[in-house]
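Residue numbers (this note's numbering), protein chains in the order written: chain W, 208 to 647; chain Z, 69 to 541.
For each residue, glycine too, the CB sits at the ideal point set by N, CA and C.
Values in this document were obtained by computation on a predicted structure and should not be read as measured data.
Everything below concerns the one structure shown next.
Laid out in structure tokens, this is it:
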């Protein structure tokens, strides 16, 4: 990345009339091992070096993305040429003005370059099999990344880091399954044995599931499914989602959107957070932003431009067009998952969900499908596993019905949770459960 | 284009390391696009991407390398690292065998009557602005409008050490939209996608100014006049868009052989269907579902897949019976078949090629949609949908109508609000009593794999009549 002349490109674009320029250079090196039915089915090495340029010329916004060895004069000319033919972004309000002070932050694990990843996978599979699984499948991924961001507003900052992720789903018979993930900045904190044991424990308990009647139930969602829903809440809190009709939080600032037990943050500063960064896409130092405090919506997530339009300050969530959550965090409560289950008279424990889809993002109406172990709870005790149900809900009702927040916080990243979420188990009252009718 | 010498270099280096099979995909892609949100041009983008993805087998174990740094020293280093990673797994590696296939040498491209990248960006923006202008009509009560245009031109060069040498150039364009309607305290929403392979001429063919204005009007009408959905058992007519999503989710995905073998267990899930179920009845005998990647200019078009296997029509369901699965060379071999049926695709060079759908649709019947509706005394008609999902075995699914109507005595009468169908896959396909002849293919992006690969597909078919199924609110 050293040879890429970002400052020259910025000066050329400024000379051609750009008001704001951001040049971001990324280098990512990923190793991924995919395993299926106790065997490794593909070992992947991927690297990419990429430059992304953002230019605002009289409020006309142009992005260019390319491999880092282009003729920079051609790039500058192309961006200036493109800007001639487009209309201004009337909502554009500039980028962050540096220089900034950044906190100390180390999230680089040297071991990630030298480790035998197959060994991690093997430990996960072997533990799963010893614990009672018939089949273990999943993915281990390790990533080393570098970024340098230079802007026309006195920002010149870089960082590098490492990420590690293990997803492990096990089956003890054809359909009885359990799933768990392990997510960290450091390889030593990936625990394949614990991940496998957690998944197998769910799968064993999920055998011989019974039918469940449709109706309303109090439901404990463990971290994995809770994160799936909170990931949607995080996206809905982006100012861009609000403007685009993709959020149920429109016109709800300082209004109640959740129970008083809910304190939800976006926190780009968490050291162990797999997507925590020193700075956002404008170079603004990241922060911990309260989104919901004691059930009241406090802010949308902003970049400099959207904040200006909403007469507030950026929350350091740029995304240059679209502010995005960095890491969603649900503040934990005092109860263990077992204690929450004890408070259920008639309800469910849900250990995973998938295929969450919205009927209307503006109202927050959605449904999602529990997968892996689902358990019927009666009078505070898990009675038996159940199968093939669907949860039909509304985001604001869901948040408002959170009766308890657990103390078992876990960082979740999964196939369907693409932005990390730190959350414990939650107890949500009065959840509607549906399923296909037997036959007409 | 990237120097083909690079491919020779990679193949030879991997063969020296002991690879029995090497497959290299060189790709160069140019992309552009923009977003018009509530009439405001949020930003425009232009992207150039090039790189190489190499899949290989050593001792029947699979490795994959992807990089956009084509310096030979770097490639050599990555090859060594990759081979070490594969070898370090030893006996933990799955033994993969590939079917024997004809080594095709071919070059093809999709024609563009109006070349996507010879046009000024301003012309594309103007086209989308014109759609948006129609939608600004206050009578439509649209609260938010989101229009996202993307196009791309990809040249992919596939070379294997078995003699395959295929170069394909495919331009494509798509427009994704979200319309949000608000009348008083009531709101509704609709999102959909139009996409083709080809040039900008398809943008005109989509006729979206009229289509979206009409859709927005129907959304408003559903809020103004929509009646409560009747619940209970009744006949349901689903229009081609709804047929399409049903086909994709419950007759496409469960027939992906890699899913049947569990390769997506921790990602997109498995399948309730297994290889022993070939020939088993899954629906009414009038149900025939195909996946056909040969249809020119469709979103799922290709002539050769990413393993060099010729594109073809696959009959997934034939006369109501499970007939065939979607295969790549590994799954076909594992299932004891002699040949793959050409269903291996990757979204771009840096992602592994896996089993994918292309254009998946229900084959038509003889009657018109009007005749289907005339057959229904009391029921509902689903023109399109918004929410849908299906479990990860592809058995339990739900579809919620966006524009929907009551059918009374063979005629569409009132609009109704948010009718939903929640049904199992066998129930769905066994309930098909009649099929119309109004086939439509709709474009979309299908998600699978890890990292997630969104691949362009179409799904569709004609309207179909589902006899006596449960309708919910």
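- Listed along chain W are 597, 641, 642, 643 and 644, each with a C-beta nearer than 8 Å to that of residue 490 of chain Z.
- The secondary-structure analysis by DSSP pairs residue 218 of chain Z across a beta bridge with Z:101 and Z:242.
- Contact check between the stretch 216-227 of chain W and the stretch 281-299 of chain W: three or more CB pairs, one atom from each, fall below 8 Å, which counts as touching.
- Fully contained in the stretch 305-344 of chain W are the following alpha helix (DSSP H) runs of length 4 or more, in chain order: 324-338.
- Counting only runs of 3 or more residues that sit fully inside the stretch 158-216 of chain Z, the beta strand (DSSP E) segments are 173-177, in chain order.
- In chain order, 219, 221, 239, 241, 267 and 268 place their CB closer than 7 Å to the CB of residue 184 of chain Z, counting only its own chain and leaving out the 5 sequence neighbours on each side.
- Linking residue 590 of chain W to residue 346 of chain Z through their CA atoms gives a straight-line distance of about 38 Å.
- Classified as buried, residue 328 of chain W has 16 or more neighbouring CB atoms from the shown chains inside 10 Å of its CB.
- Within the same chain, Cβ atoms closer than 6 Å to the Cβ of residue 171 of chain Z are found at 230, 231 and 232, the five residues on either side in sequence being excluded.
- At the C-beta level, residue 424 of chain W and residue 586 of chain W stay beyond 9 Å of one another.
- Here residue 346 of chain W is near residue 334 of chain Z, since their CB atoms are less than 9 Å apart.
- Taking CB atoms only, residue 468 of chain Z has a neighbour in chain W less than 9 Å away.
- In its chain, beyond the 5 residues on either side, 245 and 343 have a beta carbon closer than 6 Å to the beta carbon of residue 332 of chain W.
- A Cβ-Cβ separation of about 6 Å places residue 420 of chain Z in contact with residue 251 of chain W under the 8 Å criterion.
- For a Cβ distance threshold of 8 Å, residue set 248, 249 and 250 of chain W lies close to residue 130 of chain Z, ordered along the chain.
- Under the DSSP assignment, residue 475 of chain Z falls in the beta strand (DSSP E) whose first and last residues are 472-476.
- With a cutoff of 9 Å on beta-carbon distance, residue 446 of chain W and residue 497 of chain W are scored as not near each other.
- Residue state for residue 347 of chain W is assigned as strand, using DSSP reduced to three classes.
- With distances taken between CA atoms, residue 265 of chain Z lies nearest to Z:371 out of Z:316, Z:371 and Z:306.
- By the Cβ rule, the stretch 313-332 of chain Z counts as touching the stretch 421-433 of chain Z, because three or more pairs are nearer than 8 Å.
- In this structure, the straight-line span from the alpha carbon of residue 342 of chain Z to that of residue 461 of chain Z is close to 11 Å.
- The C-alpha of residue 522 of chain Z is placed about 28 Å away from the C-alpha of residue 277 of chain W.
- Looking at the backbone, the Cα of residue 472 of chain Z and that of residue 643 of chain W are separated by about 20 Å.
- For residue 368 of chain Z and residue 80 of chain Z, the gap between their C-alpha atoms comes out near 33 Å.
- Against residue 298 of chain W, the close residues of chain Z are 108, in the order they occur along the chain (beta-carbon pairs closer than 7 Å).
- In the DSSP annotation of this structure, residue 399 of chain W is not part of any beta strand (DSSP E); the continuous alpha helix (DSSP H) holding it starts and ends at 399-412.
- Residue environment for residue 253 of chain Z: exposed (fewer than 16 other C-beta atoms within 10 angstroms of its C-beta).
- Looking at the DSSP output, residue 577 of chain W sits in a beta bridge with W:560.
- The beta-carbon of residue 514 of chain Z is placed no less than 9 Å from the nearest beta-carbon of chain W.
- When secondary structure is reduced to three states using DSSP, residue 432 of chain W falls in the helix class.
- A contact is defined here as three or more CB-CB pairs under 8 Å, and the stretch 252-268 of chain W fails this definition with respect to the stretch 375-392 of chain W.
- Per the Cβ contact rule, the stretch 554-562 of chain W is in contact with the stretch 576-586 of chain W (3 or more Cβ pairs under 8 Å).
- Boundaries of the alpha helix (DSSP H) harbouring residue 274 of chain Z: 269-274, taken from the DSSP string.
- Residue 308 of chain Z sits in a helix when the DSSP states are folded into three classes.
- Here DSSP, grouped into helix, strand and coil, assigns residue 512 of chain W to helix.
- Selection W:448, W:235, W:371 and W:271 evaluated against residue 353 of chain W yields W:235 as nearest (Cα-Cα).
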